[in-house]
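In our numbering, the protein residues as written are 321 to 451. Remarks on the structure that follows.
Structure follows, in structure tokens:
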């Protein structure tokens, strides 16, 4: 069961990252893309939290502590992204739209952090599937 949920979570992450988020910017103008992603990202992270908690509980029940630890890191990544990074990204994006050049650098740094966390989470899920 936990392995199926792990595959499902990894699939959702890949689809969202390379299917939805990537194509939103190609399809919509900057303003509407931003509005849509502001609605979608918190939901994406919330579902990541929920699914990873289910996986975590299942691995703990199965007694596979290393997998449980790796999934805990994934869950913490979702929680941090949703509760810390999203508000900071939104604030700095608003400042960028107002012409604040310093906020542009901050936004870029925060976005890189968000993408990096997401990639590390995907790598951890792959590791969980193969250990």
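Ideal placement from N, C-alpha and C gives every residue a C-beta, glycine not left out. For clarity, every value in this text was computed on a predicted model and none was experimentally measured.
(message) According to DSSP, simplified to helix, strand and coil, what is residue 368?
(response) Residue 368: helix per DSSP, three-state reduction.
(message) Classify residue 439: buried if its beta carbon has 16 or more other beta carbons within 10 angstroms, exposed otherwise.
(response) The residue in question, residue 439, is exposed, as its Cβ has fewer than 16 Cβ neighbours within 10 Å.
(message) Residues in the same chain with beta-carbon distance under 8 Å from residue 369, minus the five sequence neighbours each way, listed in chain order, please.
(response) For residue 369, the CB contacts under 8 Å within the same chain, skipping 5 residues up- and downstream, are 395, 398, 399 and 402 in chain order.
(request) Spatial neighbours of residue 366 within its chain, please: CB distance less than 7 Å, with the 5 preceding and 5 following residues excluded, ordered by chain position. (result) Here the set comprises 402.
(request) With a 10 Å radius around its C-beta and 16 neighbouring C-beta atoms as the bar for buried, classify residue 357 as buried or exposed. (result) Per the 10 Å Cβ criterion, buried.
(message) Rounding to the nearest angstrom, what Cα-Cα distance links residue 361 and residue 350 in this structure?
(response) Roughly 16 Å between the two C-alpha positions.
(message) Whole angstroms are fine: how far does the CA of residue 432 sit from the CA of residue 354?
(response) Using only the alpha carbons, I get a separation of about 17 Å.
(message) Within the continuous alpha helix (DSSP H) that includes residue 433, where are the two ends?
(response) Start and end: 421 to 450.
(request) Assign residue 347 to buried or exposed, taking buried as 16 or more other Cβ atoms, counted over all protein chains shown, within 10 Å of its Cβ. (result) With fewer than 16 Cβ atoms within 10 Å of its Cβ, residue 347 is classed as exposed.
(request) On a CA-only basis, which of 340, 385 and 422 is nearest residue 284? Give me that one, please. (result) Any answer about residue 284 is impossible in this case: the structure gives the chain only from 321 up to 451.
(request) With a 10 Å radius around its C-beta and 16 neighbouring C-beta atoms as the bar for buried, classify residue 300 as buried or exposed. (result) Residue 300 is absent from the structure shown; the chain starts at 321 and stops at 451.
(request) Can you say whether residue 382 is buried or exposed, counting buried as having 16 or more other CB atoms within 10 angstroms of its CB? (result) Of the residues assessed, residue 382 falls on the exposed side of the cut-off, its CB having fewer than 16 other CB atoms within 10 angstroms.
(message) Whole angstroms are fine: how far does the CA of residue 378 sit from the CA of residue 324?
(response) Cα-Cα distance, rounded: 11 Å.
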